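Residue numbers (my numbering), protein chains in the order written: chain A, 131 to 291; chain B, 12 to 114. Even glycine gets a Cβ: it sits at the ideal position worked out from N, Cα and C. A quick note: this is a predicted structure, and the numbers were derived from the prediction, not measured. Following: one structure in structure tokens, then a few remarks.
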């Protein structure tokens with residue numbers, strides 16, 4: 131039986147598995163990024179829940195903050211296989227811009243959402259309505275070395291559950 | 012753990028954190044016998060979108076020197092002593108400042 135923290139982290143892991151499946155199957159990048167964004171959001175939200183505690187209203191954008199907090203946690207360093215604090219910190223620092231990119235994909239509501247590049251809802255740029263499934267998402271190359279590092283970090287953090 | 016042991020544990024962790032992240036401006040612990048509650052003030056973190064301190068919780072990890080559930084929040088300097096604390100943490104005046112160390 132799950133508590134809320136465990137439930138969030140389990141769903142995050144499932145979202146991440148869906149991301150991997152879509153990536154393997156060559157799905158449009160928008161769908162891959164959508165699942166990746168959801169996985170990182172639920173991972174971060176889950177880790178903001180104290181074991182046994184019910185969720186309260188929290189902000190969505192917590193992934194970048196999580197990377198920062200993770201710098202100080204020996205348990206996160208250990209599950210990611212680092213003996214050296216300095217190397218671990220350097221590793222996390224190198225991931226920050228990519229974590230920000232993923233966090234920035236979070237869909238926004240209201241007027242701002244109509245112009246916001248995101249993997250879920252159409253938006254408008256210079257009078258042109260864009261469709262996520264047809265958009266190339268420049269800068270979000272999942273095969274880049276640092277993005278691969280970030281994905282590995284996320285995968286290892288599921289071991290914290 | 013008693014209060015003094017918790018503060019000592021937090022002090023050791025804070026020392027490691029500052030060595031690895033010299034940009035940290037202030038580190039606090041809110042002493043509690045069952046949970047390690049820490050706040051780090053970091054100018055390189057995004058601004059909080061809410062009005063409260065929202066820590067990340069990490070399970071006790073005795074193998075890596077952390078025998079207590081650890082709650083760690085990172086906030087910006089302008090949020091220091093401004094954001095609301097989690098209900099059970101008490102008030103900002105209950106915090107013990109670990110860094111910078113008192114002269």
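Go to residue 238 (chain A), then tell me how far its alpha helix (DSSP H) extends in each direction, as first and last residue.
Here residue 238 (chain A) is taken as the residue at index 108 of the first chain, counted from 1. Taken as a continuous stretch (DSSP letters only), residue 238 (chain A) belongs to no alpha helix (DSSP H), as it is neither H nor E.
Just checking: is the beta-carbon of residue 79 (chain B) within a distance shorter than 7 Å of some beta-carbon in chain A?
One-based indexing of the second chain puts residue 79 (chain B) at position 68. Not closer than 7 Å to any Cβ of chain A, the Cβ of residue 79 (chain B) fails to qualify, so no.
When you check each C-beta in the segment 143-176 of chain A against every C-beta of chain E, which residues fall closer than 7 Å?
Looking for chain E here will not work: the only protein chains present are A and B.
When you check each C-beta in the segment 196-215 of chain A against every C-beta of chain B, which residues fall closer than 9 Å?
Going along the segment 196-215 of chain A in chain order, one finds 196, 198, 199, 200, 201, 202, 203, 204, 205, 206, 207, 208, 215 with a Cβ nearer than 9 Å to chain B.
Just the Cα atoms here: how many angstroms apart are residue 245 (chain A) and residue 21 (chain B)?
For the purposes of this step, residue 245 (chain A) is identified with residue 115 of the first chain, where counting begins at 1. For the purposes of this step, residue 21 (chain B) is identified with residue 10 of the second chain, where counting begins at 1. Distance between the alpha carbons of residue 245 (chain A) and residue 21 (chain B) is about 45 Å.
Does the segment 15-35 of chain B come into contact with the segment 153-171 of chain A, if we say contact requires no fewer than three beta-carbon pairs (one atom in each stretch) closer than 8 Å?
no
List, in order along the chain, the chain A residues whose C-beta lies closer than 7 Å to that of residue 85 (chain B)?
Indexing the second chain from 1 puts residue 85 (chain B) at position 74. Result: 195, 198, 199.
Going by DSSP in three states, residue 139 (chain A) sits in which element: helix, strand or coil?
Walking along the first chain from the start, residue 139 (chain A) turns up at place 9. If DSSP states are grouped into helix, strand and coil, residue 139 (chain A) belongs with the helices.
Chain B within 7 Å of residue 245 (chain A), Cβ atoms only:
Sequence index remark: in the first chain, residue 245 (chain A) carries index 115 (1-based). Closer than 7 Å: no.
Please compile the residues from chain B whose C-beta is within a distance smaller than 7 Å of the C-beta of residue 191 (chain A).
On the first chain, position 61 is the one that residue 191 (chain A) refers to. Going along chain B in sequence order, the residues near residue 191 (chain A) (Cβ under 7 Å) are 60.
Assuming residue 48 (chain B) is part of the beta strand (DSSP E), what are its boundary residues?
Counting from one through the second chain, the residue named residue 48 (chain B) turns up at place 37. From DSSP, the beta strand (DSSP E) with residue 48 (chain B) extends over 46-52.
Any beta-carbon of chain B closer than 7 Å to the one on residue 219 (chain A)?
Numbered from its first residue, the first chain carries residue 219 (chain A) at position 89. So, interface residue.
When you compare only the Cα positions, how much space is there between residue 109 (chain B) and residue 41 (chain B)?
Here residue 109 (chain B) refers to the residue found at position 98 when the second chain is read from its first residue. Here residue 41 (chain B) refers to the residue found at position 30 when the second chain is read from its first residue. Straight-line Cα distance between these residues: approximately 10 Å.
How many whole angstroms separate the CB atoms of residue 79 (chain B) and residue 46 (chain B), which I take to be in contact at a CB cut-off of 8 Å?
The sequence position of residue 79 (chain B) within the second chain is 68, counting from 1. The sequence position of residue 46 (chain B) within the second chain is 35, counting from 1. Yes, residue 79 (chain B) and residue 46 (chain B) are in contact; Cβ-Cβ is about 6 Å, under 8 Å.
Expressed to the nearest angstrom, what Euclidean distance is found between the alpha-carbon atoms of residue 111 (chain B) and residue 36 (chain B)?
One-based indexing of the second chain puts residue 111 (chain B) at position 100. One-based indexing of the second chain puts residue 36 (chain B) at position 25. In a straight line, the C-alpha of residue 111 (chain B) is about 7 Å away from that of residue 36 (chain B).
Where the beta strand (DSSP E) through residue 82 (chain B) begins and ends
Numbered from 1 along the second chain, position 71 holds the residue referred to as residue 82 (chain B). Start and end: 80-86.
Could you tell me if residue 145 (chain A) is buried or exposed, where buried requires 16 or more neighbouring beta carbons within 10 angstroms of its beta carbon?
Residue numbering aside, residue 145 (chain A) sits at position 15 when the first chain is read from its first letter. Buried, by the Cβ-count rule.
Give the straight-line distance between the Cα atoms of residue 182 (chain A) and residue 100 (chain B), rounded to the nearest whole angstrom.
Here residue 182 (chain A) corresponds to residue number 52 of the first chain, with the count starting at 1. Here residue 100 (chain B) corresponds to residue number 89 of the second chain, with the count starting at 1. Answer to the nearest angstrom: the Cα atoms are 17 Å apart.
Just to confirm the assignment, what range does the alpha helix (DSSP H) spanning residue 167 (chain A) have?
Numbered from its first residue, the first chain carries residue 167 (chain A) at position 37. Looking at the DSSP string, the run of the alpha helix (DSSP H) that includes residue 167 (chain A) is 159-177.
Beta-carbon of residue 68 (chain B) versus every beta-carbon of chain A: anything under 7 Å?
Position 57 of the second chain, counted from the first residue, corresponds to residue 68 (chain B). Yes, residue 68 (chain B) counts as interfacial toward chain A.
Using a Cβ-Cβ distance under 7 Å, would residue 31 (chain B) count as near chain A?
Taking the first residue of the second chain as position 1, residue 31 (chain B) is located at position 20. Judged by the 7 Å Cβ criterion, residue 31 (chain B) is in contact with chain A.
Contacting positions in the segment 279-291 of chain A - beta carbon closer than 8 Å to chain B:
290
Which residues mark the beginning and the end of the alpha helix (DSSP H) in which residue 89 (chain B) is found?
To locate residue 89 (chain B), count along the second chain from 1; it is residue 78. It is not in any alpha helix (DSSP H) - residue 89 (chain B) carries neither H nor E in the DSSP assignment.
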